[in-house]
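Peer 1: Protein chains in written order, with the working numbering: chain U, 1 to 228; chain C, 1001 to 1615.
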Amino acid sequence: MAHLQVQAINKVYKEHDVATNALAGVDFKMEKGEFTALFGPSGSGKTTLLNIIGGLDRPSAGKVWLSDQEITALNDSQLSRLRLFKVGFVFQAYNLIPVLTALENVEYILILQHVPRKERRERSIKILEQLGLGQLVNKKPTEMSGGQQQRVAVARAIVHLPELVLADEPTANLDSKTAHELMDMMHKLNQDQGITFLFSTHDPMVMEYAKRLVELKDGKITNDQVRN
Amino acid sequence: MEFFKMAWRNLGRNPRRTIVIIAAVAVGVWAMCIVGSYYDAVSAKLLETVIFGNIGYVQIHRLGYHKNQSLRLCMTDGAAVINKIKGAPHLTGYSPRIYNFALARSPSSSQGVMIMGIDPDLEPTVTRIKSFIKSGSYFQSDDEPVVLIGKSLAHKLRLGAGDKIAFLMQGFSGGQDVVESFRIKGVFDSGFEDWNRGLVYMPIRQAERIMDMKGRLNEIAIMVDDPKNLDALKAELKARLPNRKSDLKAEPEQETLDNKAVHLLGIRSKEPGKLILAPEAIAESFKNNPNSELVSYRLELPATAVFERSGRKRSLELSVIGVEPLKEDRLSGIFSRVKVPENSWLAGAELDKELDANQGWVILGEAAAERLGVSAGDTILIEAQGKSLPLQVAGTLKRGPGAKEDGLFAISGSSDLWKEFVGQSAASEIVVRLKEGADSKETDQELLSSLGLDILDWKELYPDMVMLISAGDYVNYILLFCIYIIIAVGIANTMVMSVFERVREFGILKAIGTRPRQLFFMVIMESVMLALIGMALGGLVSGIIIGYWSRHGLDVAWFTWDLGGGGGPYVIHPTLTLVNILTIVVTAFVIAILSALYPAARASRLPVVEALSKY
Ligand SMILES: Nc1ncnc2c1ncn2[C@@H]1O[C@H](COP(=O)(O)OP(=O)(O)OP(=O)(O)O)[C@@H](O)[C@H]1O
Ligand SMILES: [Mg+2]
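Below is the structure:
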């Protein structure tokens, strides 16, 4: 079985008796170590799909497995655990907890995981330094640029070595230079440490980084190609 | 732990709002402290005014006196009671007292007052009477015919120290009103309007004399060393003054009056022939029984009747029975059966009324009259205990009171008899006429057990005071409640706003694996920290202010209307007790938690996907 398996996912939103099919029969598989971009026009269902894969939302129909665990069968508490231990999230912006420093933001995940104080501190500092963010350790999000915040967010998303990192338009709020820096960093993590990434984007420049491109339109996968 | 740190730092995110709410909590706590300690102090002051002004901590009375303050409901042997309580542990003072209603008169006006006979030396061991004197001076001895009057009474009667004041009152044995003038030795201000207007102090020897109360007391007020020991002292007094089994017995009697059966109870000493002294006191107790319709007493003495006419002297052993004519007539109806000769001035008169208003009369049993050979209008001598009393025969009677059939009896006014033969008021029998339908078996037990003593503390004596104090407490509670509500609303509002501003943040926290209850806890912690800081600040400021007041006193003269407009500088010393502080801390804590419950629940239940879509 594939590392990630999405099977016949439907997601219907009902608003004022109008039903929107945000996802209409998505079948999709990913293996460990992939670096895959999800693209498509606005409203095509990218965010919805990522939320369902990450256990933030539930599909109207269909199943999702992540490393042999059927996550669509989990209850809220189990989903919470799944997100804590197996998934890393990077959102479009304002990812960080404003009252915590970069280090504390990264450390936060490990605190929730009850990692002993000394170990979690060392691991967090190590990740930040590895990613060239050593000078940000004691800075609060308000003292960082948008690009720095996103990179710290990536550090937080990988500090606990998740099975899968989901990034919903991580570069959307960044200028192209910073976007490049972020994508370089993610790419390097994928290359060097084999971390599996699934990210959505509109940006062709970002798609350039992807090893595999999946196109979504009106809630359906219309194209799925591996790039060389 | 991490959530404490985050909660703490979150307080710093909107410093203005945080400062405002902390200030609000501080002001609230400050207000609670001030209000709480202020009311405690006012209550204590009020209590002090009343306890040290007049009532003392405990009072001893005849049973029933507290409800029916009659001069006659007295302890007939005051000295015996005092001897028993003297030296009780925790007792630091006692004051024997006599109370009587009187009409006080000055040349310009008159006013009903309560005369309080006090021992000039003992009263200050219970009350602060000496310090109340505003002009003139306190009593120097028991012997002076002087009084102390309150300033409002002085004002009303337009009298001052040195002036004369007259009192009109009834003495212990009733009868003629007593009128006597006293010089005003001093004018007092007790700080309590009722007393300033209605209380007159008189040396107890003077009161005894004019009210015929020698050896009798209405009240003994008692001071305790420390209010903590009040219950212990009360228990000790009760142990020292057990309500002994009465040495009286009650026997049912029946009379027929106007063809109706009348149920009577005759109360006599268990020892045959022994007289009951000061029967007025006992009769007064019996009157208070709801089943009693009428109480009277009879004094029966063995005597010799002597009649001398034209040198021929006859004498006869008989029983002479002293009665109260008006009442006796309603007990046994004897006066309607008395034979009065046609030519007597009493013929056709209402005999009981005429005889009640006159002295020196006797009614003889028919047999006795025959043996002595007397008829109405003659004067006989009644001799007993070496004394003799001349009485004029008003008429004759076949059957006497208490069904005396042998005819060898004489009936006279009881006061004539005890004055001549006993020297003080006395009775051989107290007769109670029961109300129709009253159970005589039950009532006799009730009557006999109503003769003991009553030991009551200030709370039992003046439940109004307790009410007043607890009314103050209620005002206090209502105020505190309002303050609590304001604080609660303030905190809740702050927390709701702060949660709604952070919806996305909570979404992120939840998305990356934070549990709902961890978010709940974090929000509650923020609220508790707000409250704690506010409490600490408020407590500090209150502590300083109240500390100052407790040392220097707080003049609340403007507040004295609450005490009836009593006078004097009125300074309270509020203090913060540990209980006050703990109550405030605990309530503020609870309020902080309660008012954050809703925002915390909101934060913890936010749907993640929706929360993440908010920026
Ligand atoms: N909570 C919701 N209620 C109703 N409809 C929704 C909700 N969330 C998403 N949709 C609808 O579902 C569809 C897919 O939305 P989604 O956000 O997944 O698209 P997207 O590809 O992420 O778009 P974008 O590029 O603008 O982020 C859209 O038509 C959107 O209007
Ligand atoms: Mg989207």
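Cβ coordinates follow ideal geometry from the N, Cα and C atoms, glycine included.
In this text the structure is predicted, and so the values were computed from the model without any measurement.
Express the C-alpha separation of C/Met1535 and C/Gly1053 in angstroms, rounding to a whole number.
Peer 2: Those two C-alpha atoms are separated by around 39 Å.
Peer 1: Output, in chain order, the set of chain C residues within a Cβ distance shorter than 9 Å of U/Arg212.
Peer 2: Correct list: empty, because the minimum Cβ distance to chain C is about 25 Å.
Peer 1: Should U/Glu169 be counted as a contact of ligand 2 given a C-beta to heavy atom distance under 7 Å?
Peer 2: For ligand 2, at least one heavy atom lies less than 7 Å from the Cβ of U/Glu169.
Peer 1: Between C/Ala970 and C/Ile1524, which are expected to be in contact by the criterion C-beta below 8 Å, what is the C-beta distance as a whole number of angstroms?
Peer 2: With chain C covering 1001 to 1615 only, the question about residue 970 of chain C has no answer from this structure.
Peer 1: On the three-state DSSP scale, how would you describe C/Ser1388?
Peer 2: Strand at C/Ser1388.
Peer 1: Return helix, strand or coil for C/Ser1135, following the three-state DSSP convention.
Peer 2: Three-state DSSP puts C/Ser1135 in a strand.
Peer 1: Say the cut is 7 Å; is the CB of U/Ser60 nearer than that to a heavy atom of ligand 1?
Peer 2: It does not: the Cβ of U/Ser60 is nowhere closer than 7 Å to a heavy atom of ligand 1.
Peer 1: Verify the CB distance criterion: does U/Tyr13 have a CB-CB separation below 8 Å to chain B?
Peer 2: Given the protein chain composition of this structure (U and C), no chain B is represented.
Peer 1: What residue range does the alpha helix (DSSP H) around U/Asn105 cover?
Peer 2: Looking at the DSSP string, the run of the alpha helix (DSSP H) that includes U/Asn105 is Ala102 to Leu112.
Peer 1: Over the uninterrupted beta strand (DSSP E) stretch that includes U/Met186, give me the two end residues.
Peer 2: Where U/Met186 is concerned, there is no enclosing beta strand (DSSP E), although the alpha helix (DSSP H) it sits in stretches over Ser176 to Gln193.
Peer 1: If you compare alpha carbons, which of C/Leu1277, C/Lys1398 and C/Leu1434 is closest to C/Lys1419?
Peer 2: Minimum Cα distance to C/Lys1419 is reached at C/Leu1277.
Peer 1: When we look at the beta-carbon of C/His1263 and count the other beta-carbons within 10 Å, is it buried (16 or more) or exposed?
Peer 2: Buried, because 16 or more other Cβ atoms sit within 10 Å of the Cβ of C/His1263.
Peer 1: Going by other Cβ atoms of all chains shown within 10 Å of its Cβ, with 16 needed for buried, is C/Asp1444 buried or exposed?
Peer 2: By the neighbour-count rule (16 or more Cβ atoms within 10 Å), C/Asp1444 is buried.
Peer 1: Any beta-carbon of chain C closer than 8 Å to the one on U/Leu23?
Peer 2: No - not a single Cβ of chain C is within 8 Å of the one on U/Leu23.
Peer 1: Counting only Cβ pairs nearer than 8 Å, list the residues of chain C close to U/Pro98.
Peer 2: Here the neighbours are Arg1013 and Glu1505.
Peer 1: Can you give the Cα-Cα distance for C/Phe1139 and C/Ile1165, rounded to whole angstroms?
Peer 2: Approximately 16 Å between the Cα atoms of the pair.
Peer 1: Counting only the same chain and skipping the five closest in sequence on each side, list residues whose C-beta sits under 6 Å from that of U/Ala179.
Peer 2: Correct list, in chain order: Thr171.
Peer 1: Quick check: the Cα distance between U/Glu163 and U/Phe39, rounded to an integer number of angstroms?
Peer 2: In a straight line, the C-alpha of U/Glu163 is about 22 Å away from that of U/Phe39.
Peer 1: Looking at chain U, is there any beta carbon in it that lies within less than 8 Å of the beta carbon of C/Glu1002?
Peer 2: Yes, its Cβ sits closer than 8 Å to a Cβ of chain U.
Peer 1: What I want to know is whether the C-beta of U/Lys46 ends up closer than 7 Å to one or more non-hydrogen atoms of ligand 2.
Peer 2: Under cutoff, so the answer is yes.
Peer 1: Where does U/Asp224 sit, in a helix, a strand or coil, going by DSSP?
Peer 2: In the structure shown, U/Asp224 sits in a strand (DSSP, three-state: E or B).
Peer 1: Is the shortest distance between the beta-carbon of C/Leu1563 and the beta-carbons of chain U less than 8 Å?
Peer 2: Because C/Leu1563 carries a pLDDT of 47, less than 50, the predicted location of this residue cannot be relied on, and no value is offered for it.
Peer 1: Taking 8 Å as the threshold (C-beta atoms), are C/Phe1182 and C/Met1202 in contact?
Peer 2: Taking 8 Å as the Cβ cut-off, C/Met1202 and C/Phe1182 qualify as a contacting pair.
Peer 1: Strictly below 8 Å CB to CB, what residues from chain U border C/Met1535?
Peer 2: The contacting residues do not exist; C/Met1535 stays about 23 Å from chain U at best.
Peer 1: Can you check the stretch 1177-1263 of chain C for any beta strand (DSSP E) of at least 3 residues that lies completely inside it and give the ranges in chain order?
Peer 2: With a minimum length of 3 residues, the continuous beta strand (DSSP E) runs that stay inside the stretch 1177-1263 of chain C are 1177-1188, 1199-1203, 1219-1224 and 1248-1257.
Peer 1: Is the beta carbon of C/Cys1033 sitting closer than 8 Å to the one on C/Leu1576?
Peer 2: Going by C-beta atoms, C/Cys1033 is nearer than 8 Å to C/Leu1576.
Peer 1: What are the start and end residues of the alpha helix (DSSP H) that includes C/Lys1327?
Peer 2: Pro1325 to Ser1332 is the span of the alpha helix (DSSP H), which, as asked, contains C/Lys1327.
Peer 1: Let's test the definition: count the other Cβ atoms within 10 Å of the Cβ of C/Arg1097 and tell me whether it reaches 16, buried, or not, exposed.
Peer 2: It counts as buried.
Peer 1: So that I know if they touch, is there some Cβ in chain U lying closer than 8 Å to that of C/Ala1603?
Peer 2: Chain U contact via Cβ: absent.
Peer 1: Run down chain U in chain order and give the residues with a C-beta less than 8 Å from the C-beta of C/Met1006.
Peer 2: Ordered by position in chain U, the residues that pass the 8 Å Cβ test against C/Met1006 are Ile97, Val99 and Leu100.
Peer 1: Any beta carbon from chain C within less than 8 Å of U/Ser80's own beta carbon?
Peer 2: Judged by the 8 Å Cβ criterion, U/Ser80 is in contact with chain C.
Peer 1: Does the beta carbon of U/Asn138 come closer than 8 Å to any beta carbon on chain C?
Peer 2: Chain C contact via Cβ: absent.
Peer 1: Per DSSP, U/Thr201 is paired with what?
Peer 2: Answer is U/Phe39.
Peer 1: Which class does C/Asn1100 belong to by DSSP, given the choice of helix, strand or coil?
Peer 2: It is a strand residue.
Peer 1: With H, G and I counted as helix, E and B as strand and the rest as coil, what does DSSP make of U/Ala210?
Peer 2: Reduced to three states, the DSSP call for U/Ala210 is coil.
Peer 1: At a Cβ threshold of 8 Å, is U/Arg83 touching chain C?
Peer 2: Yes, contact with chain C.
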